[in-house]
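Residue numbers for the sequence shown, in the UniProt record's numbering: 1 to 228.
Glycine residues also receive a C-beta, built at the ideal position from the N, C-alpha and C atoms.
Report on one structure; see the data block that follows.
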Amino acid sequence: MLRHFRRVRPASARRGMAAVKSWLSRSVVSFFRYRQCVPVVVNSRKRLLIRPWHKTVAAAFGVTLCAVPIAQKSEPHSLSNEALMRRAVSLVTDSTSTFLSQTTYALIEAITEYTKEEDEVWQVIIGARVEMTSKQQEYLKLETTWMTAVGLSEMAAEAAYQSGADQASITARNHIQLVKSQVQEVRQLSQKAETKLAEAQTQELHQKSQEGRDERADQEQEAYLRED
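This is how it looks when you write it as structure tokens:
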């Protein structure tokens, strides 16, 4: 009775056993497939590791270079209107400063020559008068040109200040003050020479007047003696 009970299995038990066998068979097949795939991966990793180190580094460096984006040259930014104005005003101040320097040098040289002539004119007043007058006209003409250059430089300095080019404006104004002081120095020398010339002319006139009176007195004395 007991033996018969053990041999007879319910249908649900048989189905459970079949499911267990099927799961075991699938697990075994999957395991063997995994064993076949693992050597391939391991071998490929070994082949990668046993490659020469410099080739591996070169390959990695090449990949890195490919990954780095190529930097493009930045286009120069266009200058603003204010910057262009400051640059233009700076060029104008430089040009006017050069013009002012040239006229200042010419004026100083002309006044110096005129002063030399004035210093010598008291010795040879009559002979040097024509040359002195020519030099005077020359320096007066250059003085007019110099004053024009000063006015242009002052306007350029003001334009530089108004446009924001402070350094150019300061440089131009300092230059103007310098040349004005230089011209003032030679003008003072010229005035001294003119004073000496005036004194010499006065002395000359007085001497001529005295000589005329003496000559007339001598003539009168001679006439008086002849009458006697």
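Report task. With a threshold of 16 other CB atoms inside 10 Å of the CB of residue 229, please say whether the residue is buried or exposed. Result -> In the structure as shown, the chain starts at 1 and stops at 228, and residue 229 therefore has no counterpart that could be examined.
Query - Between the CA atoms of L178 and residue 278 - distance to the nearest angstrom - result: Here the chain covers residues 1 to 228 and nothing more, so residue 278 does not appear.
Requested in this report: Report yes if the CB atom of G100 is closer than 8 Å to the CB atom of H175, and no otherwise.
Outcome: Here residue 100 refers to the residue found at position 100 of the sequence shown. Here residue 175 refers to the residue found at position 175 of the sequence shown. Per the sequence shown, residue 100 should be read as Leu rather than Gly. It is a contact, given that the beta carbons lie within the stated cut-off.
Report task. Could you check if V183 is buried or exposed, using at least 16 other CB atoms within 10 Å of its CB as the buried criterion? Result -> Walking along the sequence shown from the start, residue 183 turns up at place 183. Label assigned to V183: buried.
Query raised in the report: Alpha carbon to alpha carbon, what distance is there between Q188 and S181?
Result: As a first step, residue 181 is located in the sequence shown; it is residue number 181 there, counting from the start. As a first step, residue 188 is located in the sequence shown; it is residue number 188 there, counting from the start. Taking the straight line from one Cα to the other gives about 11 Å.
Query raised in the report: Buried or exposed: A58, going by 16 or more other Cβ atoms within 10 Å of its Cβ?
Result: Taking the sequence shown and counting its residues from 1, one reaches residue 58 at position 58. Note that A58 has pLDDT 46, beneath the 50 cutoff, so the model's placement of it is unreliable and no number is given.
Report task. Return the Cβ separation of A160 and T93 in integer angstroms, given the expectation that the two are a contact with Cβ distance under 8 Å. Result -> Taking the first residue of the sequence shown as position 1, residue 160 is located at position 160. Taking the first residue of the sequence shown as position 1, residue 93 is located at position 93. At roughly 6 Å, the Cβ-Cβ gap stays under 8 Å, so A160 and T93 are in contact.
Report task. Report the rounded CA-to-CA distance for Q207 versus M155, giving the unit in angstroms. Result -> As a first step, residue 207 is located in the sequence shown; it is residue number 207 there, counting from the start. As a first step, residue 155 is located in the sequence shown; it is residue number 155 there, counting from the start. One C-alpha to the other measures close to 52 Å.
Query - Spatial distance of D214 from Q201 (CA atoms) - result: Residue mapping note: residue 214 aligns to position 214 of the sequence shown, counting from 1. Residue mapping note: residue 201 aligns to position 201 of the sequence shown, counting from 1. One C-alpha to the other measures close to 19 Å.
Query raised in the report: Can you tell which of A172, Q137, E211, A193 has the C-alpha that lies nearest to the C-alpha of S97?
Result: Taking the first residue of the sequence shown as position 1, residue 97 is located at position 97. Answer by Cα proximity: A172.
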